[in-house]
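Here's the structure we're looking at; comments come further down.
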Amino acid sequence: MSLLWLRVAILLYGIAALAVLPAALYDRPHWRHIAIPATVAAVLFHFVSLAEMLNVAHHRLPVDTHETQTLLGLLLAIAFLVVYWRYRTVSLGVFILPICFLLGLVPAFHPGQENTAFPMVHTGWIFLHVALLLAAYAALLISLLASLLYLIQERRLKQKSPALPWLPPLETPLEVLDQIALKALLFGLPCMTAGLLIGSLIAQVTVGASYFRDPKILFAFALWLAYIAMIYIRRAAGLRGRRAVYLSSFVFFVVLAVWAANQFSAVHRFTAP
Amino acid sequence: MNQSKPKTTQGRLVLLGINHITAPIEVRERLAIPSARLADATRSLLHQPGIREGLILSTCNRVELLTLQDDNETAQSQAKTDLLRFLHEYFAVPPHDIQPHLYEFQEREAVRHLFRVASSLDSMVVGEPQILGQVKESYTIAREVGAVSTQLESLLQRTFTVAKKVRTETQIGSSSVSIASVAVDLAQKIFGSLQGKTVLLVGAGKMSELAARHLIERGASSILVVNRTESRAEKLAADFASPNVHTEAVPFDALYEHAPRADIVITSTGAPQKIFGRSHGQHFLHARRNRPMFFIDIAVPRDVDPRMNEVEGCFVYDIDDLQQVAAANLADRSREAAAAETIVSREVDKYHERLQSRDAVPAIKALQQQAEELRQAELARSQSKLADLTPQQREAVEALTRSLTAKLLHPQLTALREATRPKDPE
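Each protein sequence line maps, in turn, to chains W and A. Following this note's numbering from start to finish, the first sequence increments by one per residue and tops out at 296. Following this note's numbering from start to finish, the second sequence increments by one per residue and tops out at 1074.
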């Protein structure tokens, strides 16, 4: 049943992803009336599906890559709705909604088969560790996308030509995009810090000090430092536009590296086929 | 043919008026009615012979009388003369001064014209948003004095729906077409809300003042004025002063020191050389920790070096750039206006269809009732012959006669509906 709900959610994300294009790029505000309700409905179906899936299979813990992907998709969709509620803008949906669609697509047709034998799986701490880190990743992605949209809008305003088909006008003002980018980062920092702290405490209790010599874990702490450095630079220098995109992209690649490092980690692998 | 149409009971819709296309300002201003006198004028219009309902729309670009009149031969020929007399008597303008500029629309064409006016398709600047508010104001006044009741009420409600539909389904009103409003739009694309923003006015000029006023209207809260003549700067600053707006006259020598405080700079000096160069832009941005700055350069020759636009965070628009955006917006509006015209035509058809089918209802009902009475009478006449039938057989006979009546009536009812459906005016 959870797969059916997920498929419905994916379909709704697809509809929202298409409807958001005219609303964000061609100043057709009535398309929001499709994009936003479709996203809200998709989030509800997605949540029900995920809750059912985790409850049945893994005691409320996303273990499988597909499940983690699904949870990240859900967090991104929620973030999009929060941004819409706060700033009344749908521009971010141009990127986020297709990402939500793609993140859910594979799990909707190839559900995860892996399980876990991790001893602390029954505690809520592990779930909190995973969810907080995914929320930080989602915040970072939102910040990167907002910076990217800032760059597009800036180019568009500097070009002055009103009809460049490859660079359509955005409905979101520059300062709003800048606010979204910075506030997303500021939201992500406590999430990442708490997520890492919880993870470290669990690791200390279950594995011991050797856990902290693993490349995956070292990468994760490097990411945390990069994250703090990025926030400091952005705030201190008022970094915007091109340079902000470069910086956010760099940190985002670190995130991807941390994610990928799971494959090479000796201690941070909990799944059992 | 006309006598058989229910139009006789509904009245005749007549619209008479002048607008910016048919009449020069000298004529329009003689007929203009201030909103304080609109109720009185509407009351007078309603007292004219043959007028059942009426509404007056008076704006700077048009004066129009929308009336629902008695629909008989004499009234039809008198309609225009009566309205002309009303204009002549009420405004004390000789008929021959008005007549050459008047246009008249009746029935379907009057509906179309009203839809077009409310949708801003007949405005001087197509897509301008004020006209719908003005139509609504006229409607409210007419309603208050009892000049709008049944048919005009439904027509005006439909008009508001059509105007709203045109606004939401097309982009007719989304782009600004004056230099000042283009500048404000661009500022909003950069800063979003202009609440709390600071505007620096360098030099003085009508257009820059207008742009500054537009910015204040949208929330800018601080105006700095710089002029080579300090007294002029002080006077201009005083002009902008209000409880919500902080104003300050800045000496010309302190221009570069104060410029980084401004989010928006409007320049319109007569200086032969550039006042702001690229390096100034870099310096300002550094001082503002990269917060964007918008330069609106209305001066000719230009006050701002166009290369400043290359500085990240600086946006420079000169008069040509602004005009280019305004012209493009105007072109966009023309394109959207075509789409809006299609909506209006469709809505006029729908409105008439509804009106006409409403006219056909009494005739259809009468025909159906007559047929039913005949059926009942025939059944009663054959009562004795049907006495032996079982209840099921009686029911079958009932159904059979009902079905026969319906089938016999069908072509006539269809013809009746067709006859009342709007026809091509040709």
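The beta carbon of each residue, even a glycine, is placed where N, CA and C say it ideally should be.
query: Could you give the residue range of the beta strand (DSSP E) that holds residue 894/A?; result: 894 to 899
query: Which residues in chain W have a C-beta closer than 7 Å to the C-beta of residue 969/A? List them in chain order.; result: 183
query: With a threshold of 16 other CB atoms inside 10 Å of the CB of residue 708/A, please say whether the residue is buried or exposed.; result: exposed
query: Taking Cβ-Cβ distances below 8 Å as the criterion, which residues of the segment 920 to 943 of chain A are in contact with chain W?; result: 936, 937, 938, 939, 940
query: Could you run through the segment 37 to 71 of chain W and flag, in chain order, every residue whose CB is less than 7 Å away from some CB of chain A?; result: 50, 53
query: Would you list the residues sitting across from residue 930/A in a DSSP beta bridge?; result: Beta-bridge pairing links residue 930/A to no other residue.
query: Taking Cβ-Cβ distances below 7 Å as the criterion, which residues of the segment 945 to 960 of chain A are in contact with chain W?; result: 957, 960
query: Take the Cβ of residue 743/A as the centre, count every other Cβ of all protein chains shown within 10 Å, and call the residue buried at 16 or more, exposed below.; result: exposed
query: Between residue 917/A and residue 851/A, is the Cβ-Cβ spacing less than 8 Å?; result: yes
query: Taking residue 838/A as the query, report the chain W residues whose CB atoms sit under 8 Å from its CB, ordered along the chain.; result: 180, 196, 197, 198
query: Quick check on the DSSP output: what are the complete alpha helix (DSSP H) runs of length 4 or more inside the segment 207 to 251 of chain W, in order along the chain?; result: none
query: Taking C-beta to C-beta, are residue 776/A and residue 768/A nearer than 8 Å?; result: yes
query: What's the call for residue 772/A, buried or exposed, on a 16-neighbour Cβ count within 10 Å?; result: exposed
query: Listed in chain order, which residues of the segment 791 to 819 of chain A have Cβ atoms closer than 9 Å to some Cβ of chain W?; result: 816, 817, 819
query: Could you please tell me which residues of the segment 261 to 274 of chain W, in chain order, have their CB closer than 7 Å to any CB of chain A?; result: 261, 262, 263, 264, 265
query: Would a check of beta-carbon distances place residue 843/A closer than 8 Å to chain W?; result: no
query: Does chain C have any CB closer than 8 Å to the CB of residue 963/A?; result: Checking the listed chains, one finds no chain C in this structure; the protein chains it contains are W and A.
query: Among the residues of its own chain, which have a CB less than 6 Å from the CB of residue 847/A, if the five just before and after it don't count?; result: 860, 863, 868, 871, 912
query: Cβ of residue 951/A within 8 Å of Cβ of residue 923/A?; result: yes
query: What did DSSP end up calling residue 846/A once you bin it into helix, strand or coil?; result: strand
query: Using a Cβ cut-off of 7 Å, pull out every chain W residue sitting near residue 982/A, in sequence order please.; result: Here the premise fails: no neighbours, minimum Cβ distance about 14 Å.
query: Residue 1065/A: which of 832/A, 1010/A, 855/A, 1021/A sits nearest, CA to CA?; result: 1010/A
query: Answer yes or no: do residue 691/A and residue 718/A have a C-beta to C-beta separation smaller than 8 Å?; result: no
query: Is it buried or exposed for residue 220/W, if we count other Cβ within 10 angstroms and need 16 for buried?; result: exposed
query: Using a Cβ cut-off of 8 Å (strictly closer), state whether residue 972/A contacts chain W.; result: yes
query: What are the partner residues of residue 752/A, as DSSP defines its beta bridges?; result: 664/A
query: Tell me whether residue 1003/A, by its Cβ, gets closer than 7 Å to a heavy atom of the ligand GTP.; result: Because no ligand of any kind appears in the structure shown, any question about the ligand GTP cannot be addressed here.
query: Find the residues of chain W that neighbour residue 822/A, judging by a C-beta separation of less than 8 Å, and give them in chain order.; result: 50
query: When you compare the CB positions of residue 208/W and residue 162/W, do they come within less than 8 Å of one another, or not?; result: yes
query: Would the beta-carbon of residue 813/A fall within 8 Å of that of residue 991/A?; result: yes
query: Could you tell me how far apart the beta carbons of residue 840/A and residue 177/W are, in whole angstroms, since I believe they sit closer than 8 Å?; result: That pair is no contact at about 14 Å.
query: Please classify residue 108/W: is it buried, with 16 or more other beta-carbons within 10 angstroms of its beta-carbon, or exposed?; result: exposed
query: According to DSSP, is residue 945/A helix, strand or coil?; result: strand
query: Which residues in the same chain have their Cβ closer than 8 Å to the Cβ of residue 1046/A, if we skip the five residues on either side of it in sequence?; result: 1027
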